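Residue numbers (mature numbering (1 follows the signal peptide of the UniProt record, and there is no 0)): -29 to -1, 1 to 534.
Even glycine gets a Cβ: it sits at the ideal position worked out from N, Cα and C.
These numbers come from a predicted model, not from an experiment.
Have a look at the structure below before the remarks.
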């Protein structure tokens, strides 16, 4: 099938006044609800099979613009039900939603009723419009006497306004079994304006499959995720975590997937290990996409159609920033030379692409038309070159942009030719903090920097990790454009202003026990119109957490060792 033609679709939905409730039947509108959720009693709901609080998976907000955002929840009486239905009856339930101008919920500014149906896992997506720009709002849901927790939302500045400083955090890689989600809790306490999740929101493995030294601290329920019921159950297990719920309720999220939302290192229609027959892979991919949509605060343009889902998109924060959210899995050519770190001729094949032709053209067009102070790529895999060999061989990760050198060059050249003011690439995937300058030619270390990359470590994947002197990492000597490394868990918190972007690399010393505090390990600044990162703070090593200098071999193992 053509990668270009089958990747594009237009989905229309309900729109009424200032809000649109996304219909449970994708492009087919559901009948208007006849019941008033607020008038329902516990007895009337119990008679239809809803007997306990269904708001066990929390609430979320996403993809803000200057007039509104998406609101999300999913009804589940028994989140861990093996059939993936959350203990919900096979019938629709009307759900009331309300948006408030104040945190105490005294002034309702928008409200309405939508329908949660079993066809879409009793998930709710409401697109709220007609609000004031550049301000906080609060929201909640209700079914009869059952009321959800309150979440905080925020609208973006007007398209012609910069607004104030933007507090933005980004995260990735939350393996439930490897540690507690303390980083999510600490992130919620930061109260940022927006949170980007760059993939590996959940992991597909069954318990005792992907383990850390000393053993996992908690376990996945159910088998490896392959069916819709499996993926729904796994998402519910993650969503039931109170620390994750706190982070979702704290701010709007912009989400994109990486590989573990489906299958490790998958590429388009190819599973991780094509040599091991997986005849159900496309059915598995369809199930994973559907469950991902059901569990994320995404707009109707991302409603999946079979094995396809439109996830790449732009989110504009006034004149201050444009977020180009990329999908580096659905359209990529298969990894070269059997994946892993390789010196691989396929890596430099100009015909190979990580984004696919249509997404690449969309991105380059966005560069040409951008008037933003900061153009930020929210994406999954390492962008800068990372050669792990000091000799003449170039041994790099085939799963990252290093495995698609021409694709990376075209995109980098695209923002250079478009004279993008401040290009910044945000990355996850590799379970460690990194910072780097971006080049057109990585083989010429004296050449000019043309952009900046900030990489967030994992929320929990890999367990506690350990601290070390970043200057001792061999990758930094082999690749002088790499400026920072840290192998603890955490997130990156940024402050985006007109004259600079400040990035605090936050770490929590422990995730294998709950409740750890957070601190800033290093701070980097990117100045307006000055490509590249500049370190302004480095916390001294904590002797209690210090480890031996990280080797190139150990770095590769931590990134690539999978079951």
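Shortest Cα-Cα distance from residue 168 to any of 135, 199, 242 and 222 involves 222.
Annotated as proximal: residue 513 and residue 438, with beta-carbon spacing under 9 Å.
Within the stretch 5 to 84, the complete alpha helix (DSSP H) segments of 4 residues or longer fall at 13 to 17, listed in chain order. Looking at 141, 206, 327 and 176, the one whose alpha-carbon comes closest to that of residue 462 is 141. A check of alpha carbon separations from residue 379 across 352, 391 and 399 identifies 352 as the nearest. Residue 169 is not bridged by DSSP to any residue.
Taken through DSSP and simplified to helix, strand or coil, residue 157 comes out as helix. Just so you know, the alpha carbons of residue 257 and residue 442 end up roughly 44 Å apart. When the Cα atoms are used, residue 434 and residue 526 turn out to be separated by approximately 14 Å.
Linking residue 424 to residue 330 through their CA atoms gives a straight-line distance of about 20 Å. Looking from the CA of residue 381, the closest CA among 417, 403, 445 and 319 belongs to 319. With a 10 Å radius around the Cβ and a threshold of 16 neighbouring Cβ atoms, residue 48 comes out buried. Going by beta carbons, residue 421 and residue 454 fall outside the 9 Å limit. When the beta-carbon positions are compared, residue 238 and residue 152 stay at least 9 Å from each other. Separation of the CB atoms of residue 255 and residue 197 is rounded to 5 Å, and the pair is thereby assigned contact status at 8 Å.
Bounds of the beta strand (DSSP E) holding residue 459 are 453 to 467. The alpha carbon of residue 386 has as its nearest neighbour, out of 21, 88, 332 and 210, the alpha carbon of 332. Considered as a whole, the stretch 412 to 458 harbours 445 to 449 as its complete alpha helix (DSSP H) runs of no fewer than 4 residues, in chain order. In the same chain as residue 106, and ignoring 5 residues on each side of it, the C-beta atoms closer than 8 Å to its own belong to 125 and 126, in chain order. Using a Cβ distance threshold of 9 Å, residue 170 and residue 227 count as a contacting pair.
Judged by beta-carbon spacing, residue 397 lies within the 9 Å limit of residue 349, meaning their Cβ atoms are closer than that value.
Three or more beta-carbon pairs drawn from the stretch 25 to 44 and the stretch 259 to 273 are found closer than 8 Å, and the two stretches are therefore classed as touching. For the 9 Å CB-CB criterion, residue 122 and residue 92 do not form a contact.
Beyond the five residues adjoining it in sequence on each side, residue 451 comes within less than 8 Å, by CB distance, of 416 in the same chain, given in chain order. The beta carbon of residue 388 sits closer than 7 Å to no other beta carbon from its chain once the five residues preceding and following it are set aside. If you ignore the 5 residues before and after residue 468, its C-beta comes within less than 7 Å of the C-beta of 136, all in its own chain and listed in chain order.
Residue 65 is a Cβ neighbour of residue 87, given a cutoff of 9 Å.
Per DSSP, residue 141 lies in no alpha helix (DSSP H) segment; the continuous beta strand (DSSP E) that holds it begins and ends at 137 to 142. When only Cα atoms are considered, residue 306 and residue 471 end up about 36 Å apart. If you draw a straight line from the Cα of residue 515 to the Cα of residue 480, it is about 10 Å long. Between residue 161 and residue 509, the C-beta gap is not smaller than 9 Å, which leaves the two residues out of contact.
When the Cα atoms are used, residue 473 and residue 430 turn out to be separated by approximately 21 Å.
Counting the other Cβ atoms within 10 Å of the Cβ of residue 259 gives 16 or more, which makes it buried.
Distance check between residue 214 and each of 487, 502, 491 and 366 places 487 closest, using alpha-carbon atoms only. Counting along the chain, residue 178 sits inside no beta strand (DSSP E), nor does DSSP assign it H or E at all.
Contact check for residue 252 against residue 114 fails: the beta carbons are separated by 9 Å or more.
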